[in-house]
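Okay, structure first, notes after.
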Amino acid sequence: MGLQVEIWQKDIEEAVFKDNQFLQFVKDESEYVLEGVVVHIPQSGGAGNTEKNRGSLPATIRRRSDTDVTYALEEYTTDPTLITNADKVELSYDKRDSAIGEDKQSLKETVAEDFLYKWAKDLPGSSIIETSREASEATADSATGQRKACARTDLKRAKVLLNKQNVSKENRFAILPSEMESQLFPDDQVSAILQRDLTEGERRMGAVAKLHGFVILERSSVLTYASDGTLKAPGSAGATGDCEGALCWQKDALAKAMGTVKFFEEQNKPEYYGDVYSTLVRAGGRRRRKDNKGVVVIRQATA
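With the first letter of the sequence shown counted as 1, position 247 gets the number 336 in the numbering used here; the numbers rise by one all the way through.
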């Protein structure tokens, strides 16, 4: 029996966004995707000058120059998977559903990590805060030695930086790697109070606490920096000098977009004695402001 391709495509699209809760808390630019592969957004040239008690006439005529924001979506594909006729007949479980489920899990993890990387890449040093607490064991994969632990005052510094940038105090979020989150919220009374303050709706959204105006989210890893401060791309080999990083943002400062989602199947391939399946997803993201305001990284400092 063939797969219902449209159902699987919708399921994959929902999995990429819904199972990565932090993707709910950025602007969605999917409506501007053209042909499933590129985002095209007309941009206003801005308002004209407003003058009080204008004393000179005629006033200067202004022509507004509108621009476009355009960025290509990345293409993510899974390796084709073969389900042989023997697998379909002899196994006690549905290997096809199992294989597709694993591919879906891999896709959503890869896309999520790439979003985080794109949002933090080339962020200026003025938007990066280093951790400031006592020394603790390094937490990045393959890292050795000690790094300064994450302090609640570090998050407060991120808040102050966004305030100075005149960024809205509404809809602020911070996503921390698990180890940094546990440093920020140890098993103490203050942590218990901060976690109790969450509404049921915020808990359902994946929030673990609220602090300094940020809704706090957590995932196994967020950002990884090399010893020279360079942001490492997802999948890069680990090194002893690596440091972890957390991302703080205001919702309007970041964007995501989903384009083409395709599920491919070819059944009864005679040369393989079975069915072959694969998946393609196009997605992308960006920082929405050219001045990079509204986004802050908290990066582990070497102790």
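Note that CB positions come from ideal geometry on N, CA and C, so glycine has one too.
Per DSSP, the continuous beta strand (DSSP E) segment holding F303 begins and ends at 303-308. Counting only unbroken stretches of 3 or more residues, the beta strand (DSSP E) elements lying wholly within the region 194-263 are 217-219, 224-226, 235-237, in sequence order.
For Q194, the number of other beta carbons within 10 angstroms of its own is below 16, and it is reported as exposed. Rounded to the nearest whole angstrom, the CA to CA distance from K321 to N138 is 43 Å. In terms of Cβ geometry, I305 and L265 form a close pair [threshold 8 Å]. In this model, A392 and E219 are separated by some 11 Å (Cα to Cα). Of the candidates K237, Q284, L300, N357, K237 places its Cα closest to the Cα of G334. I172 is bridged by DSSP to D364.
Around the beta-carbon of F204, 16 or more other beta-carbon atoms lie within 10 Å, marking it buried. Just so you know, the alpha carbons of A209 and R377 end up roughly 12 Å apart.
At a Cβ-Cβ threshold of 8 Å, T159 and V128 count as neighbours.
By alpha-carbon distance to E226, the top candidate from Y314, G363, M269 is M269.
The beta carbons of L283 and K258 sit no closer together than 8 Å.
The three-state secondary structure of A346, taken from DSSP, is strand. For the options L244, P147, L112, the alpha carbon positioned closest to that of E198 is the one of L112.
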